[in-house]
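In our numbering, the protein residues as written are -12 to 92.
A virtual CB, placed ideally from N, CA and C, is assigned to each residue, including glycine.
Just so it is clear, the structure is predicted and the values come from calculations on it, not from any experiment.
Notes follow the structure.
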């Protein structure tokens, strides 16, 4: 399993909004919901839009792709219209004021 990598400071992330950050040669969308942190692959598998730029619904923990309205669960990367399709999901932790991610096992 990969090691955690720092992708920013806590203050870089606004609650209820995504932020695309580089991680291990790719872009990852990190989301802050209160004290909870989530990270999924930033690219929508449909046409490659940045999921970090999508609308985050705090009621059902989804992000809506800004191009074609595909919705993904920010907790596990599942596409809400077809749960067999997923984007990669990452572990997130906060150490001091640093936000760190790594690939899930």
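Candidates the options: closest to residue i by CA position
i, options, result
"residue 90", "77, 37 and 47", "77"
"residue 84", "-4, 59 and -10", "-4"
"residue 74", "-9, 2 and 26", "26"
"residue 31", "88, 7, 79 and 1", "7"
"residue 46", "21, -10 and 34", "21"
"residue 10", "1, 56 and -6", "-6"
"residue 44", "88, 36 and 67", "67"
"residue 59", "1, -9, 33 and -11", "33"
"residue 80", "92, 56, 39 and 24", "24"
"residue 1", "35, 55, 39 and -10", "39"
"residue 55", "87, 36 and 19", "36"
Beta-carbon proximity of residue i to residue j, cut-off 7 Å
i, j, result
"residue 61", "residue 48", "yes"
"residue 52", "residue 64", "no"
"residue 15", "residue -1", "no"
Residues of its chain near residue i, where Cβ-Cβ distance is below 7 Å and the 5 sequence neighbours each way are ignored
i, result
"residue 12", "none"
Presumed contact (8 Å Cβ cut-off) between residue i and residue j, rounded CB distance
i, j, result
"residue 17", "residue 5", "7 Å"
"residue -8", "residue 88", "6 Å"
Beta-carbon contacts of residue i that lie in its chain and below 6 Å, excluding the five residues immediately before and after
i, result
"residue 72", "66"
Sequence-distant residues of the same chain with beta carbon closer than 8 Å to residue i, five excluded per side
i, result
"residue -11", "11, 89 and 90"
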